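Colleague: In this note's numbering, each residue's number is its place in the sequence shown (first place is 1) plus 114.
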Amino acid sequence: MRISIIGCGYLGAVHAACMAKLGHDVVGIDADTWKIGELQAGRVPFFEPGLPELLNDVLASGRLKFSPDIADAKGAQVHFLCVGTPQRKGEYAADLRHVDTAFASLLDSLEPGNVVVGKSTVPVGTAARLAENLAERHPDAVLAWNPEFLREGFAVKDTLSPDRFVYGIPDGEPGVRATAALDEVYSTSLSLGTQRLVADYATAELVKSAANSFLATKISFINAMAEVCEVTGADVTVLADAIGMDERIGRKFLNAGIGFGGGCLPKDIRAFMARAGELGADQALTFLREVDDINVRRRMRAVELTRGLLGGSLLGKHITVLGAAFKPNSDDVRDSPALNIAAQLQLQGAEVTVTDPQAIDGARRRFPELTYEHDLDCAIYDADAVLLLTEWDQYRSLAPQHAAQLVRAKNVLDGRNTLDSLKWRAAGWNYKGIGRP
Ligand code: UDX
C-alpha cells in the first residue's frame with residue numbers, strides 16, 4: 115500500500131520504518147527539516163535499539179522516503195497521524211495543537227477514498243470531532259483511530275509484532291472500508307495471529323488511556339506497598355514475587371522503586387483525569403490523583419533515603435547518580451525520576467555527578483547545573499554515595515569490590531531494587547533499597 119506518516123518523532127519514525135519493512139511504500143512527513151534530513155540520511159535522531167539498522171535497510175530498498183512538505187502525502191491511500199500530544203503548560207489537559215494543525219494541513223492533500231488513521235494518544239472525543247471536519251471537506255474519505263502501544267526501547271518489536279490491534283471506526287460502509295484498509299496495512303502481523311479488536315471511536319481512544327492508567331496504577335500500587343514495607347521491615351521485592359505468582363495479578367510492572375516517568379504515563383494519566391472532568395466523570399478517576407501522588411512521593415523519598423545514608427545532611431556531599439534516562443535502553447529524559455532526584459539533591463546542597471550511556475546530552479539541556487560524566491569509573495570516583503536510579507545493564511552488573519576502590523564512602527541507594535544486596539553488603543557497602551529492610 116501507499117502510506118503517508120504525518121509526524122516523524124518517536125512514534126512516527128518507528129512506524130514509518132516498520133511499515134516500509136512490511137513491504138509498503140511509505141513517505142514520512144515532518145515540519146522539522148533537520149529531523150527529515152537526518153532520517154533521509156539514515157540517522158535516527160534519538161536512541162532506539164534496532165531502529166538505525168532497520169531504517170537503513172528500508173531506505174536502501176527505496177520503499178521509504180521523507181519530506182518536509184505535506185503535499186507529498188498526496189498519492190497515499192492511508193495517512194497515519196503520528197504527532198505528539200504533550201501536556202499543556204500549567205494544566206493537566208493534553209495539548210492538541212499538533213494534531214489539529216497536522217490534520218488541517220493534511221486535508222489539502224487527500225484524494226477520494228483515502229483513509230486517515232489517528233495513532234496519537236488523544237482525549238476521548240477527539241476522533242469524532244476530527245471525523246466531522248473530514249466529512250465536511252472530503253465526504254468520501256474515512257477516519258479510523260488506531261492507538262499505538264509501543265514501549266520505548268522495544269519500539270520496533272512492538273510495532274512489527276504488537277500484542278493487539280485496536281481499530282476505532284465509524285458505523286456502516288465507511289467503517290468496513292477503514293477496517294479493510296487497516297487489515298491490508300497490517301496483513302503480515304494479522305496472518306501471524308495478532309488479535310484485532312474493532313470498536314467505535316470512543317472505545318478505541320479509551321483503550322489507550324485505560325491501558326496506561328492501569329500500568330501506572332500497578333506501579334504506584336507496588337510503590338505504596340513499598341511504603342508500608344519500609345515501616346514494617348518487610349521486603350517489597352519478595353512481596354511482589356509472591357503476589358505476582360497469582361496469575362490474576364502477574365509479576366510484570368510490579369517493580370517498586372523511584373516510580374514511573376517518561377513522555378507517556380505521567381502526562382497520559384493527567385490528560386485522562388482532565389478529560390473525565392470535562393465530561394463530568396471526574397469522580398471515576400479520582401484514584402489516578404493518588405496514583406500520581408504516590409509516584410511523585412517516591413522521588414522525595416529517594417532524596418530522604420540519600421540524606422539518611424549520608425548521616426543526615428547533603429551539604430557538600432559528592433553524589434553520583436547512575437542513569438539519567440526515564441528507563442534503560444532509552445535516551446529520553448522527559449519527566450525522568452532519576453534526573454528529577456539528581457536535581458533535587460543538587461538544590462539541597464549536594465554536588466551531583468550524573469552518568470548515563472545515552473542520555474547525557476538531553477539531560478544536560480534540561481539540567482545544565484548538574485555535572486555530567488561519560489565514564490562510569492570517573493563518575494563514581496570520590497563519591498560519598500552512589501545512587502542507581504536507572505537500571506541500565508552496566509549499572510546492574512557493577513562489581514561492588516571494584517566500585518569500593520573508587521568511592522570516598524561506601525553508600526549505595528538502589529533506586530530500582532536491582533542490585534544483589536547481599537553481595538554489596540559483603541563488599542562492605544552500606545546498602546539501601548526501596549521498600550526493603
Ligand atoms: C508506556 C507504555 O508501556 C506503552 O504501552 C505506551 O505506549 C507508552 O507508555 P514507555 O513510556 O516506553 O511505555 O515506558 P514503560 O516501559 O511503560 O515504563 C514507564 C515507566 O515506568 C518507566 O519510568 C519505568 O522505569 C517505570 N516502571 C516500569 C517502574 O517503575 N516499575 C515497573 O515495574 C515497570
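Positions of the beta carbon are idealized from the N, C-alpha and C atoms, including for glycine. The structure displayed is predicted, hence computed values, not measured ones.
(1) Whether or not the segment 231 to 242 and the segment 315 to 329 are in contact is what I'm after, with contact meaning three or more pairs of Cβ atoms, one per stretch, closer than 8 Å; do they touch?
(2) Based on Cα-Cα distance, which residue from PHE268, GLY227 and ALA131 lies nearest to CYS122?
(3) According to DSSP, HIS193 sits in a beta bridge with which residue or residues?
(4) With DSSP as the reference, label ARG478 as helix, strand or coil.
(5) With burial defined as no fewer than 16 other Cβ atoms inside 10 Å of the residue's Cβ, what is the status of HIS129: buried or exposed?
(6) Helix, strand or coil: how does DSSP classify TRP506 here?
(7) Determine whether the beta carbon atoms of ILE408 and ASN337 lie at a separation below 9 Å.
(8) Tell me where the beta strand (DSSP E) around TYR545 begins and ends.
(9) Which of the three DSSP states is assigned to LEU257 in this structure?
(10) Label TRP148 either buried or exposed according to how many other C-beta atoms from any shown protein chain fall within 10 Å of its C-beta, with 16 as the threshold for buried.
(11) Are GLU341 and GLY549 touching if we call contact CB-CB under 9 Å?
(12) Which full runs of the beta strand (DSSP E) of 3+ residues lie inside the segment 247 to 310, going along the chain?
(13) Run through the DSSP bridge pairs and tell me what ILE333 is partnered with.
(14) Could you please give the first and the last residue of the uninterrupted beta strand (DSSP E) stretch that includes LYS381?
(15) Could you check if MET133 is buried or exposed, using at least 16 other CB atoms within 10 Å of its CB as the buried criterion?
(16) Have a look at GLY391 and VAL213 and give me their C-alpha separation to the nearest angstrom.
(17) Which residues does DSSP list as the beta-bridge partners of GLN201?
(18) May I ask you to check if the CB of PRO226 is nearer than 8 Å to at least one heavy atom of the ligand UDX?
(19) Restricting to Cα atoms, I'd like to know which of LEU125, ALA207, ALA155 and LEU168 is closest to ASP396.
(20) Could you give the DSSP three-state label for PHE160: helix, strand or coil?
(21) What would DSSP say about GLU418, mapped onto helix, strand or coil?
(22) Do the CB positions of VAL141 and VAL192 come within less than 9 Å of each other?
(23) Among the candidates PRO451, ILE119 and SER305, whose CA atom is the shortest distance from the CA of PRO182?
(24) Quick one: give me the first and last residue of the alpha helix (DSSP H) that LEU520 is part of.
(25) Determine the extent of the alpha helix (DSSP H) in which GLY126 is found, giving its start and end residues.
(26) Measure from the alpha carbon of GLU162 to the alpha carbon of each residue in ASP285, ARG384, THR469 and ALA127, then state which is nearest.
(27) Suppose you measure from the CA of HIS516 to the CA of GLY430; what does that come to, to the nearest Å?
(28) Starting from the Cα of ASP139, find the closest Cα among ALA294, VAL172 and LEU368 and give me that residue.
(29) Would ARG177 be called buried (16 or more neighbouring beta carbons within 10 Å of its own) or exposed?
(30) Work out the CA separation of VAL299 and SER305 for me, nearest whole Å.
(31) LYS149 lies in the alpha helix (DSSP H); which residues open and close that run?
(32) Could you tell me the alpha carbon to alpha carbon distance between GLY198 and SER234, rounded to whole angstroms?
(33) Output needed for LEU459: all residues of its chain with C-beta closer than 7 Å, excluding positions within five of it in sequence on either side, in chain order.
(34) Please confirm whether any heavy atom of the ligand UDX lies closer than 8 Å to the CB of ARG265.
(35) Which two residues bound the contiguous beta strand (DSSP E) that contains ARG170?
Modeller: According to the structure data:
(1) Touching, yes.
(2) With distances taken between Cα atoms, CYS122 lies closest to ALA131.
(3) Answer is SER118 and VAL230.
(4) Helix, per DSSP.
(5) It is buried - the Cβ of HIS129 has at least 16 other Cβ atoms within 10 Å.
(6) Coil, per DSSP.
(7) The answer is yes: Cβ separation under 9 Å.
(8) Unbroken beta strand (DSSP E) run through TYR545: 544 to 546.
(9) Of the three classes helix, strand and coil, the one that applies to LEU257 here is strand, per DSSP.
(10) Its Cβ having fewer than 16 others within 10 Å, TRP148 is exposed.
(11) In contact: GLU341 and GLY549 (Cβ atoms closer than 9 Å).
(12) Qualifying beta strand (DSSP E) stretches, in chain order: 256 to 259 and 278 to 282.
(13) None, per the DSSP bridge assignment.
(14) Unbroken run through LYS381 is the alpha helix (DSSP H), 379 to 392; no beta strand (DSSP E).
(15) Here MET133 is buried. Its C-beta has 16 or more other C-beta atoms within 10 Å.
(16) Those two C-alpha atoms are separated by around 21 Å.
(17) DSSP lists ALA208 as partners of GLN201.
(18) Not one heavy atom of the ligand UDX sits closer than 8 Å to the Cβ of PRO226.
(19) Of the candidates LEU125, ALA207, ALA155 and LEU168, the residue whose Cα lies closest to the Cα of ASP396 is ALA207.
(20) Residue state, collapsed to three classes: coil.
(21) Here GLU418 sits in helix by DSSP.
(22) Cβ atoms of VAL141 and VAL192: not closer than 9 Å.
(23) Per the Cα distances, ILE119.
(24) Segment 514 to 520, the alpha helix (DSSP H) holding LEU520.
(25) Residues 124 to 135.
(26) Closest by C-alpha distance to GLU162, out of ASP285, ARG384, THR469 and ALA127, is ALA127.
(27) Between HIS516 and GLY430, the C-alpha separation is close to 24 Å.
(28) Looking only at ALA294, VAL172 and LEU368, the smallest Cα-Cα distance to ASP139 is reached by VAL172.
(29) Buried, by the Cβ-count rule.
(30) Note on geometry: alpha-carbon atoms of SER305 and VAL299 lie some 12 Å from one another.
(31) Per DSSP, LYS149 belongs to the alpha helix (DSSP H) from 147 to 154.
(32) Put simply, the backbone Cα of GLY198 is about 6 Å away from that of SER234.
(33) Answer for LEU459: VAL417, THR420, LEU428, ILE433 and VAL466, listed in chain order.
(34) Because some heavy atom of the ligand UDX lies under 8 Å away, the Cβ of ARG265 counts as near it: yes.
(35) As written in the sequence, residue 170 is Asn, which differs from the Arg given in the question. Not the beta strand (DSSP E): ASN170 falls in the alpha helix (DSSP H), residues 165 to 175.
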